[in-house]
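Asks:
2 protein chains.
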Amino acid sequence: MTDPMKRFSESTIRRLSHYYRVLEEVHAEGQRMISSHLLAEREDITSAQVRKDLSYFGSFGRRGLGYNVEHLRTEIRAILGLDRRWRVALVGAGHIGAALLAYRGFRDQGFDVVAVFDSSPERIGKTLGDVVVQDIAKLPECEGAEMGVIATPVRAAQEVADMLVAAGVRGILNFAPRKLRVPEGITLRNVDMTMEFESLSFVLSQTRGKPRRRAGE
Amino acid sequence: MTDPMKRFSESTIRRLSHYYRVLEEVHAEGQRMISSHLLAEREDITSAQVRKDLSYFGSFGRRGLGYNVEHLRTEIRAILGLDRRWRVALVGAGHIGAALLAYRGFRDQGFDVVAVFDSSPERIGKTLGDVVVQDIAKLPECEGAEMGVIATPVRAAQEVADMLVAAGVRGILNFAPRKLRVPEGITLRNVDMTMEFESLSFVLSQTRGKPRRRAGE
DNA sequence: TCCCGCTTGTGAAAACGTTCACCTGCCCGC
DNA sequence: GCGGGCAGGTGAACGTTTTCACAAGCGGGA
């Protein structure tokens, strides 16, 4: 995308997120150590992949023993930048915005929605989560947000992106099904449900009529 | 994932979705022909990539002219399996479920939500979109749905996935932030906002303190 | 103390995806 | 009907990501 430094592959980072989640789980279960093989078994990747991914960032394991759950968890936390809090500006107080605010996981992971904007008069002034929805016109005055979330209809997405950039965010998560243009240095991530549906549609129509293979075959 | 045939790369399919979207746009604008270069300019990929992607499925262009918008649109539509309607069962009538039902785009693309299930007594019986929310216990009786959408809390996700598979869906779109196990032959796609946030967090903390580069530098 | 089984870390190889470069074909103008 | 410019199709080159395979290190037991 627009990452200024691209030393690590996107896939590696995504897997790191997975490992982190698995570690949270086994940590809650009270497990002390975990092997790359076990970390991998909980995902659809190989143990070699796990070790390679982790090796990009350091040597966290002990030969013969595996990884200390608590320790690795802390390390990945730091790598992913989750050892601090992030200020997030949300634009669009519709269903998706509401879903975001309702999900405790975001706050728990360190993401604070510090401002919500919308253009609809019916929504402006209402309280969502624990912040008051402001007029989108006030977005330029928004200060201190490092990330922006675009949860608006498609037609508004590019304009909102421009406004967020002007307001100083360095990263944008876009839920609108359209590619956005952002300046160099701004990181953009897209969550596109439409594309996932189309991907499903493709695979399913490829296999249409074929008998479903049984597991293990 | 669990695709029985994996002849085409996931990236190619995702880009096909993009091309389709661009084609819809330029079609609406009344444009007749489009070159691979122009198709690419609207995205962040090269014209060679466009041509390569399309060449996997056939020769749709004309040398010296480019691609006929209407024709290519129809072809990609067929490739992606969007030339038919898909029956979708939605589990979870919360914010995400509501977002899905509210988005006209899904219906327009050929996805019909034929049933909605939830476990909460307050939601059961209410009308969402144009279907009545049913008790999750009725899911096993659901027939004819080819795709399932999991828009439930994390803890219920795996159980719901099993139920959907038992009900005969061949593809699942999972919004819960957890990897699910599905039998061979069932296609699984995940939409994981948490992971995207963590990816943003990673990149932003990598570049923290660095002066933002201006566009064009 | 030494051996053995286990698991990491990592170069090397293989697989995969993207980009390049060029040939081919098409339209248009003359 | 002929030539020039444009643009698609495609094998080959390139770069990246994944997998393989094994040396190195650790703990435990005799």
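As given, the protein sequences belong to chains A and B, one line each in that order. Mapped onto my numbering, the consecutive letters of the first sequence carry residue numbers 1 to 217. Mapped onto my numbering, the consecutive letters of the second sequence carry residue numbers 1001 to 1217. Glycine included, C-beta positions come from ideal geometry on N, C-alpha and C.
1. From the DSSP secondary-structure annotation, give me the bridge partner or partners of B/D1118.
2. Suppose you measure from the CA of A/V154 to the CA of B/L1016; what does that come to, to the nearest Å?
3. Given a cut-off of 7 Å, decide if B/A1151 and B/G1092 are closer than it, judged by their beta-carbon atoms.
4. Alpha carbon to alpha carbon, how far is B/A1099 from B/A1078? Give it in angstroms, no decimals.
5. Would you list the one or two residues that DSSP bridges to A/T127?
6. What did DSSP end up calling A/A89 once you bin it into helix, strand or coil?
7. Between the region 121–147 of chain A and chain B, which residues of the former have CB atoms less than 7 Å from a CB of the latter, in chain order?
8. I'd like the span of the alpha helix (DSSP H) that includes A/T226, first residue to last.
9. Quick one: list the residues of chain A neighbouring B/E1043, beta-carbon separation under 8 Å, in chain order.
10. Determine the direct distance from the alpha carbon of A/S55 to that of A/Q49, and round the result to whole angstroms.
11. Taking B/V1182 and B/A1157 to be in contact with their CB atoms under 8 Å, please state how far apart those CB atoms are, rounded to whole angstroms.
12. Going along chain A in order, which residues have a C-beta closer than 7 Å to the C-beta of B/R1189?
13. In whole angstroms, give me the CA-to-CA distance for A/M195 and B/R1014.
14. Can you find a C-beta in chain A that's less than 7 Å from the C-beta of B/H1095?
15. Using beta-carbon positions only, say whether A/A145 and A/A89 come within less than 7 Å of one another.
16. I want to verify the contact list: residues of chain B whose CB lies under 8 Å from the CB of A/R14, in sequence order.
17. Taking 7 Å as the threshold (beta carbon to beta carbon), is A/R155 in contact with chain B?
18. Can you confirm whether A/R170, when its beta carbon is compared against all beta carbons of chain B, has any partner nearer than 7 Å?
Replies: Here's the rundown:
1. In the second sequence, counting from the first residue as 1, residue 1118 of chain B sits at position 118. Its beta-bridge partners are B/D1135.
2. Residue 154 of chain A sits at position 154 when you count from the first residue of the first sequence. Residue 1016 of chain B sits at position 16 when you count from the first residue of the second sequence. Cα-Cα distance, rounded: 19 Å.
3. Your numbering for residue 1092 of chain B matches position 92 in the second sequence. Your numbering for residue 1151 of chain B matches position 151 in the second sequence. Taking 7 Å as the cut-off, the beta carbon of B/G1092 is found closer than this to the beta carbon of B/A1151.
4. One-based indexing of the second sequence puts residue 1078 of chain B at position 78. One-based indexing of the second sequence puts residue 1099 of chain B at position 99. One C-alpha to the other measures close to 27 Å.
5. The residue labelled residue 127 of chain A in the question sits at position 127 within the first sequence. A/T127 pairs with A/V132.
6. Residue 89 of chain A sits at position 89 when you count from the first residue of the first sequence. When DSSP states are grouped into helix, strand and coil, A/A89 belongs to the strand group.
7. Contact annotation: in the region 121–147 of chain A, residues whose CB is within less than 7 Å of a CB in chain B are E146, M147.
8. This structure cannot settle anything about residue 226 of chain A, because the visible part of chain A is limited to 1 through 217.
9. Sequence index remark: in the second sequence, residue 1043 of chain B carries index 43 (1-based). Those are K179, listed as they occur along chain A.
10. Your numbering for residue 49 of chain A matches position 49 in the first sequence. Your numbering for residue 55 of chain A matches position 55 in the first sequence. Cα to Cα, the separation comes out at about 10 Å.
11. The sequence position of residue 1182 of chain B within the second sequence is 182, counting from 1. The sequence position of residue 1157 of chain B within the second sequence is 157, counting from 1. B/V1182 to B/A1157, Cβ: 11 Å. No contact.
12. The sequence position of residue 1189 of chain B within the second sequence is 189, counting from 1. The contact set of B/R1189 on chain A, defined by CB atoms closer than 7 Å, consists of E196, S199, L200 in chain order.
13. On the first sequence, position 195 is the one that residue 195 of chain A refers to. On the second sequence, position 14 is the one that residue 1014 of chain B refers to. So the alpha carbons of these two residues sit roughly 7 Å apart.
14. Residue 1095 of chain B sits at position 95 when you count from the first residue of the second sequence. Cβ-Cβ to chain A under 7 Å: yes for B/H1095.
15. As a working mapping, residue 145 of chain A is identified with position 145 in the first sequence. As a working mapping, residue 89 of chain A is identified with position 89 in the first sequence. Note that the C-beta distance between A/A145 and A/A89 is below 7 Å.
16. Position 14 of the first sequence, counted from the start, is the residue given in the question as residue 14 of chain A. Neighbours of A/R14 on chain B, chain order: M1195, S1199.
17. For the purposes of this step, residue 155 of chain A is taken as residue 155 along the first sequence, with counting starting at 1. Chain B contact via Cβ: absent.
18. Within the first sequence, residue 170 of chain A is the residue found at index 170, counting from 1. Yes, contact with chain B.
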